[in-house]
Amino acid sequence: GWFAVAGFILGLIGTIMVYMAWVRAKRGEPAGGLGIVGGILLLISGNIIAGILAIIGGAQAK
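Be aware that the sequence shown starts at 47, since it is given in the numbering used here, and climbs by one per residue.
Put into structure tokens, the structure is as follows:
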């Protein structure tokens, strides 16, 4: 029920944040924080691999 819905919403928000970080990084703007927070949300939502990759990418983007 609620846990699945909350996980889906967190995953969606995390995905959007990671995408925003990627767009900023392509423009040469700092986006490390967005990627890290998005990655943490993905981890919480159960998307382990995507979350870890987003956190690594965000840490490298700083």
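Backbone N, C-alpha and C fix where the C-beta goes; we use that ideal spot for every residue, glycine too.
Query raised in the report: In whole angstroms, what is the alpha-carbon distance linking leucine 80 and glycine 92?
Result: On the sequence shown, residue 80 is found 34 positions in, with the first residue counted as 1. On the sequence shown, residue 92 is found 46 positions in, with the first residue counted as 1. Straight-line measurement puts the Cα of glycine 92 at about 18 Å from the Cα of leucine 80.
Query raised in the report: Hey, would you say glycine 78 sits closer than 8 Å to glycine 97, going by beta carbons?
Result: Residue 78 sits at position 32 when you count from the first residue of the sequence shown. Residue 97 sits at position 51 when you count from the first residue of the sequence shown. No; because the gap between Cβ atoms is not below 8 Å, this pair is not in contact.
Query raised in the report: Are any of the Cβ atoms in chain C nearer than 8 Å to that of glycine 74?
Result: Any reference to chain C falls outside this structure, which holds one protein chain only.
Query raised in the report: Going by alpha carbons, who is nearest to phenylalanine 54 out of Glu75, Ile90, Ala100, Met63?
Result: Within the sequence shown, numbered from 1, the residue matching residue 54 stands at position 8. Among Glu75, Ile90, Ala100, Met63, the Cα nearest to that of phenylalanine 54 is on Ile90.
**Report entry** When Lys72, Leu88, Trp48, Gly74 are compared against isoleucine 62, the one with the closest alpha-carbon
**Finding:** Numbered from its first residue, the sequence shown carries residue 62 at position 16. That would be Leu88, whose Cα lies nearest to the Cα of isoleucine 62.
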